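Colleague: Numbering (the working numbering), first residue to last: 98 to 550.
Glycine included, each C-beta is placed from N, C-alpha and C at the ideal position.
Bear in mind the structure is a predicted one, so any value in this text is a computation, not a measurement.
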């Protein structure tokens, strides 16, 4: 673990708990910082509060009192989900205090190299692939992010010669200053999280920060077919390593004549890869490039690509029910991810979509709806999705109030050998706490479906 002396004795405020806040508070306390934790929710009587206080960490909960910032605080670590227009964050910024997210801490203390993955879609799948490819190659690797442990909980254990592979969000990257991965992967950029970032430009600039501190000895792995991504990569000082499904390049990863390649090394016939869909081809290419840059062997990469079945809730194959293939893509929280899910299949699709209404139109989903056989729309956004279905000329569609009802109605629209797909194109928060809860609800509901009459 590096830079431990830098934190010793510093008065640091951690704003917002959840997993990342608790991990940051523990790490800072272990390094000798004087830590205050502030959580908007009342934590009176909770196990978390007791454990933190037992370590000597001061806990203030129930609100965000502004006076905390004026008590000699030298450094602020905020939960990534807390907006920058929150009054206590504004106060800290106005005072000129550094305001960072836990990924910045992880970068400061990590003793090994960091491979960081960002993008609007595909982060977890790509991160997991890289991690598995490295392990299969006997390269010591730690996975961090939504996969399980947060980065600042993982980083202290990573030693020289080892790799921490972590997915990073725009929320996390916006709160970085010196975060410096040795390999940075930018998968794609679409309009997302504009309710948090406010503007498209702020969102794109936050994603671009993954490349900002890279030097000529580092690698920027990027999607050459995404013009926004390619333009961002062009500004980097790093060695540029493109990946592309369509365009051949001796500098990166690509598909040619039905084979995956990395530079001049053939990896695998595309027909042998286990994951379906063009979007997963992009994820696999990015993973191939990043893993091999970090020491993965072609045979190991080949093995993982042949057998990797995907990550839970991300175009996850649930199973075959009454001779219908069931896929859980609950992580589909925007239009692009739903488009890619629909494009992954050649068989007829019955689609379940809906969720939180963020105020956007679904007209970009029209070509995907034209490809589907039938659909059921539920949740806050169902009327807008139905309007897109009408424009698409989709005849067979229905409304449902809940996801469980959507499963029941949707399955009755299927025939044998169809694909029954949950790919909501919306956040889950109108009916569920998380996309994981939504996916689990879908899987549970599938178990009780009846054979269509």
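State the DSSP-derived secondary structure class of residue 300, mapped to helix, strand or coil.
Modeller: Residue numbering aside, residue 300 sits at position 203 when the chain shown is read from its first letter. Three-state DSSP puts residue 300 in a helix.
Colleague: Do residue 415 and residue 546 have their C-beta atoms closer together than 8 Å?
Modeller: Translated into positions along the chain shown, residue 415 becomes position 318. Translated into positions along the chain shown, residue 546 becomes position 449. Against a cut-off of 8 Å, the Cβ pair of residue 546 and residue 415 comes out as no contact.
Colleague: Just the C-alpha distance for residue 246 and residue 240, rounded to the nearest angstrom, thanks.
Modeller: Here residue 246 is taken as the residue at index 149 of the chain shown, counted from 1. Here residue 240 is taken as the residue at index 143 of the chain shown, counted from 1. Looking at the two C-alpha atoms, the distance is approximately 8 Å.
Colleague: Return helix, strand or coil for residue 518, following the three-state DSSP convention.
Modeller: Along the chain shown, one-based indexing puts residue 518 at 421. Three-state result, residue 518: strand.
Colleague: Is the number of C-beta pairs between the region 145 to 154 and the region 218 to 234 that are closer than 8 Å three or more?
Modeller: no
Colleague: Would residue 132 and residue 112 qualify as a contact pair, given that the criterion is a beta-carbon distance under 8 Å?
Modeller: Start at 1 with the first residue of the chain shown, and residue 132 comes out as number 35. Start at 1 with the first residue of the chain shown, and residue 112 comes out as number 15. No, they are not a contact pair.
Colleague: Relative to the C-alpha of residue 217, which residue among 471, 433, 209, 197 is closest?
Modeller: Taking the first residue of the chain shown as position 1, residue 217 is located at position 120. Comparing Cα positions, the closest option is 433.
Colleague: With residue 536 as the anchor, note down where its alpha helix (DSSP H) starts and where it stops.
Modeller: Walking along the chain shown from the start, residue 536 turns up at place 439. From DSSP, the alpha helix (DSSP H) with residue 536 extends over 532 to 543.
Colleague: Drop a sphere of 10 angstroms on the beta-carbon of residue 551, count the other beta-carbons inside from all chains shown, and report buried for 16 or more, exposed for fewer.
Modeller: Here the chain comprises residues numbered 98 to 550, so residue 551 is not present and cannot be evaluated.
Colleague: May I have the straight-line CA-CA distance separating residue 390 from residue 533, to the nearest angstrom?
Modeller: Taking the chain shown and counting its residues from 1, one reaches residue 390 at position 293. Taking the chain shown and counting its residues from 1, one reaches residue 533 at position 436. Residue 390 and residue 533: Cα-Cα distance of roughly 32 Å.
Colleague: Cα separation between residue 352 and residue 447?
Modeller: For the purposes of this step, residue 352 is identified with residue 255 of the chain shown, where counting begins at 1. For the purposes of this step, residue 447 is identified with residue 350 of the chain shown, where counting begins at 1. Residue 352 and residue 447: Cα-Cα distance of roughly 30 Å.
Colleague: Measure the alpha-carbon distance for residue 174 versus residue 114 and round it to whole angstroms.
Modeller: Here residue 174 corresponds to residue number 77 of the chain shown, with the count starting at 1. Here residue 114 corresponds to residue number 17 of the chain shown, with the count starting at 1. Distance between the alpha carbons of residue 174 and residue 114: 10 Å.
Colleague: Output the boundary residues of the alpha helix (DSSP H) element that contains residue 204.
Modeller: Taking the first residue of the chain shown as position 1, residue 204 is located at position 107. Unbroken alpha helix (DSSP H) run through residue 204: 199 to 206.
Colleague: With residue 422 as the anchor, note down where its beta strand (DSSP E) starts and where it stops.
Modeller: The count along the chain shown starts at 1 and reaches residue 422 at position 325. Note, residue 422: beta strand (DSSP E), 421 to 425.
Colleague: Are the CB atoms of residue 339 and residue 349 within a distance shorter than 8 Å?
Modeller: On the chain shown, residue 349 is found 252 positions in, with the first residue counted as 1. On the chain shown, residue 339 is found 242 positions in, with the first residue counted as 1. Yes; because the gap between Cβ atoms is below 8 Å, this pair is in contact.
Colleague: Where does the unbroken alpha helix (DSSP H) through residue 185 begin, and where does it stop?
Modeller: Locating residue 185 in the chain shown gives position 88, where the first residue counts as 1. Note, residue 185: alpha helix (DSSP H), 184 to 191.
Colleague: With DSSP collapsed to three states, give me the class of residue 337.
Modeller: As a first step, residue 337 must be located in the chain shown, where it is residue number 240. Three-state result, residue 337: strand.
Colleague: What would DSSP say about residue 469, mapped onto helix, strand or coil?
Modeller: If you number the chain shown from 1, residue 469 lands on position 372. Reduced to three states, the DSSP call for residue 469 is coil.
Colleague: Buried or exposed: where does residue 487 fall if 16 or more other Cβ atoms within 10 Å of its Cβ makes it buried?
Modeller: Here the question's residue 487 lines up with position 390 in the chain shown. Classification for residue 487: exposed.
Colleague: Apart from the five residues on each side of it in sequence, which residues of its chain come closer than 8 Å, Cβ to Cβ, to residue 221?
Modeller: Taking the chain shown and counting its residues from 1, the one referred to as residue 221 is at position 124. So the list reads 242, 243, 244, 264, 408, 411, 428, once near-sequence residues are dropped.
Colleague: Quick check on residue 411: does DSSP put it in helix, strand or coil?
Modeller: Taking the chain shown and counting its residues from 1, the one referred to as residue 411 is at position 314. If DSSP states are grouped into helix, strand and coil, residue 411 belongs with the strands.
Colleague: What residues match up with residue 451 in a beta bridge as DSSP calls it?
Modeller: Taking the first residue of the chain shown as 1, we reach residue 451 at position 354. In DSSP, residue 451 forms a bridge with 475.
Colleague: Starting from residue 211, trace the alpha helix (DSSP H) both ways and give me its first and last residue.
Modeller: Along the chain shown, one-based indexing puts residue 211 at 114. No alpha helix (DSSP H) holds residue 211; the beta strand (DSSP E) holding it covers 210 to 215.
Colleague: Using a 10 Å radius around the Cβ and a threshold of 16 neighbouring Cβ atoms, would you call residue 341 buried or exposed?
Modeller: Here the question's residue 341 lines up with position 244 in the chain shown. The residue in question, residue 341, is buried, as its Cβ has 16 or more Cβ neighbours within 10 Å.
Colleague: Alpha carbon to alpha carbon, how far is residue 310 from residue 279? Give it in angstroms, no decimals.
Modeller: For the purposes of this step, residue 279 is taken as the residue at position 182 of the chain shown. For the purposes of this step, residue 310 is taken as the residue at position 213 of the chain shown. Residue 279 and residue 310: Cα-Cα distance of roughly 9 Å.
Colleague: How do the region 442 to 460 and the region 503 to 513 stand: do at least 3 beta-carbon pairs fall below 8 Å, yes or no?
Modeller: yes
Colleague: Report yes if the CB atom of residue 392 is closer than 8 Å to the CB atom of residue 236, and no otherwise.
Modeller: Within the chain shown, the letter at position 295 stands for residue 392. Within the chain shown, the letter at position 139 stands for residue 236. Closer than 8 Å, so yes.
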